[in-house]
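In terms of my numbering, the sequence shown opens at residue 763 and continues consecutively.
Please read the structure below before turning to the comments.
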Amino acid sequence: MASLDLGTVLLLHQSSLVAGAASLLHLWLRAGRPAGVLRIALGFALLSLGAALGGLNILEAALPDFATQSVLAVCLLGDILLLQGLQRLDSPLRWHWSLICAGLALVAFALTLDRTMEAALRSLVFHAAGAGILLVGGLSIAWRRRVEPLPSRGPLALCLFAGSAIYALQVAPDLLGWAPPISATTGFALLLTINYGLAAFVSSMVRERTELQHRRVAVTDSLTGTANRRGFFDLVPPEPRAGDGLAVLDLDRFKRLNDQFGHAAGDHALTAFAAIVERRLGHGEIFARFGGEEFVIFVPGPQASRAVRLVEEIRATLASEEIVWKGLRLPVTVSIGLSVAGTSATQWSVLQEGADRALYSAKAAGRNRVAIDLGIVPDEAGREETGRETAGPEGAAVRQASAA
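Structure, rendered in structure tokens:
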């Protein structure tokens, strides 16, 4: 198999940078202008220009002095834009990153104006800066994997680490005058592969993030930010287990509130109520808005007493807390129906029917209260019992039960 000569590899390396810049620019224009992508594309473009000038220099082509001196500055600016883009791709660009990049840019321009710098020193600065910038970029992408575990993060970070290693392999030879461990042809061949990988995985990461956002929208209530019906059933177990509780919560006289204060006030009441509930949720408890003024809470078993305490705390807190809209106190209370799964197998539809019946009892008993449908649960003696109890604003409970 014939090996490629240096000139061909340099051309392919430059082509990989041009292709990467073009594909990322296309992505930026077609995907809603995602943050950071344009900077990465511009970084690829500058690196392509630097690669073209550097390649001509390596091949000893006749170039003006300014073009020869500009290679280092152009490549450093390309690396800086690449680093900025990677940072911006993950989060808003922090002020210290902007300051560091601005300092590196000044260094790059100063190096361009320095006509006395030897070629070996320029090579050392180029390789050391490239190794450091790609290493920092890779660490940044890998570190935020715990915050946003997108599948493309790992491969993108590996590409950046690999590029940093290739540059780093040239630092010691440049510094100490040793023979490089890999030839220039091999180094540029590896870099062109990494260039394609960087462009591909940045594009993949943007696409994965967009898909994740779409999935979140599909399972999230747009007003309150809680799960919607679809999101709720995606999160709960396939079937309720013994002791699991399902509460249905319905704001009292919500239509009257909308008619009296307006729909904007109603929306404010819904979001305020959702915030009150979410502050009281414990581990594994799932809250969702099913539509209108109806919400549900899943409380995992096996202790039904936790579900009873939680819903009563929510009712009491809402009754005592002022929800103010444009200086007006909104009269917001909630009625809650709670159903608890028994020891025998059941389905969510059965548990929801029990919670709906309990909610109806709470409404019929005067609203602003909790009604509990116990379903079939073991009592202290190991027997099973059925029944329903209600608790009003004073917290008193009336229970009707029969031993099985």
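The C-beta atom is built at its ideal place from N, Cα and C for all residues, glycine as well.
For residue i, collect the residues of the same chain with a Cβ closer than 6 Å to its Cβ; drop the 5 residues on either side in sequence, then sort them by chain order.
i: glycine 899; result: Leu845, Leu848, Leu922
i: glycine 1144; result: In this prediction, glycine 1144 scores a pLDDT of 39, lower than 50, which makes its location untrustworthy; no coordinate-derived value is stated.
i: leucine 800; result: Trp790
i: isoleucine 895; result: Asp841, Leu845
i: serine 1082; result: none
i: valine 1073; result: Ala1009, Ile1098, Leu1100, Val1132
Which residues does DSSP pair with residue i in a beta bridge?
i: aspartate 1012; result: Glu1056, Ser1097
i: threonine 982; result: Ala989
i: glycine 1007; result: Val1061, Val1102
i: alanine 1050; result: Ala989, Val1058
For the alpha helix (DSSP H) that contains residue i, what are its first and last residues?
i: tryptophan 790; result: 768 to 792
i: isoleucine 723; result: The chain is shown only over 763 to 1166; residue 723 falls outside these bounds and no answer can be derived.
i: isoleucine 1076; result: 1066 to 1082
When we look at the beta-carbon of residue i and count the other beta-carbons within 10 Å, is it buried (16 or more) or exposed?
i: histidine 889; result: buried
i: proline 716; result: In this structure the chain extends from 763 to 1166, so residue 716 is not present and cannot be described.
i: proline 1062; result: buried
i: aspartate 767; result: exposed
i: leucine 1090; result: exposed
i: phenylalanine 884; result: The displayed chain sequence assigns arginine, not phenylalanine, to residue 884. Buried, because 16 or more other Cβ atoms sit within 10 Å of the Cβ of arginine 884.
i: valine 1086; result: exposed
i: glutamine 1109; result: exposed
i: histidine 775; result: buried
i: valine 979; result: exposed
i: glutamate 1055; result: buried
i: alanine 1037; result: exposed
i: leucine 1121; result: buried
i: leucine 1011; result: buried
i: arginine 908; result: exposed
i: serine 965; result: buried
i: leucine 938; result: exposed
i: arginine 792; result: exposed
Could you check if residue i belongs to the surroundings of the ligand NAD, using beta carbon to heavy atom distance under 7 Å?
i: glycine 1128; result: Annotation note on the ligand NAD: not contained in the displayed structure, which lists no ligands.
In the DSSP assignment, the beta strand (DSSP E) including residue i goes from what residue to what residue?
i: leucine 1092; result: 1090 to 1092
i: tryptophan 1110; result: No beta strand (DSSP E) holds tryptophan 1110; the alpha helix (DSSP H) holding it covers 1110 to 1126.
i: isoleucine 1038; result: Element bounds for isoleucine 1038: not the beta strand (DSSP E) but the alpha helix (DSSP H), 1025 to 1042.
i: isoleucine 1085; result: 1085 to 1087
For residue i, which residues in the same chain have their Cβ closer than 7 Å to its Cβ, ignoring the five residues on either side in sequence?
i: phenylalanine 1052; result: Arg991, Val1058
i: alanine 891; result: Leu838, Asp841
i: leucine 1167; result: The first residue shown for the chain is 763 and the last is 1166, placing residue 1167 beyond what the model contains.
i: aspartate 1014; result: Thr1095, Val1096, Ser1097, Arg1129, Asn1130
i: proline 1064; result: Ala1004, Gly1005
i: leucine 985; result: Asp1029, Leu1032, Thr1033
i: phenylalanine 963; result: Ser914, Pro917, Leu918, Cys921
i: arginine 1042; result: Leu1072, Glu1075, Ile1076
i: serine 810; result: Gln776, Leu779, Val780, Ala783
i: leucine 1175; result: There is simply no residue 1175 to check, as the chain begins at 763 and stops at 1166 in what is shown.
Which residues in the same chain have their Cβ closer than 8 Å to the Cβ of residue i, if we skip the five residues on either side of it in sequence?
i: alanine 1124; result: Ser1097, Ile1098, Gly1099, Arg1131, Val1132, Ala1133, Thr1152
i: leucine 931; result: Pro942, Pro943, Ile944, Gly949
i: glutamate 1040; result: Thr988, Phe1049
i: serine 853; result: Arg906
i: glutamate 1001; result: Ala1107, Thr1108, Gln1109, Trp1110
i: isoleucine 956; result: Cys921, Ala924, Gly925, Ile928
i: leucine 1080; result: Phe1035, Ile1038, Val1094, Thr1095, Val1096
i: phenylalanine 1023; result: Trp1087, Leu1090, Leu1092
Item to check | Whole runs of the beta strand (DSSP E) within the region 884 to 923, excluding any shorter than 3 residues | outcome: none
Checklist entry - Hey, which unbroken runs of the alpha helix (DSSP H) at 4 residues or more fall wholly within the region 919 to 967? => result 933 to 938
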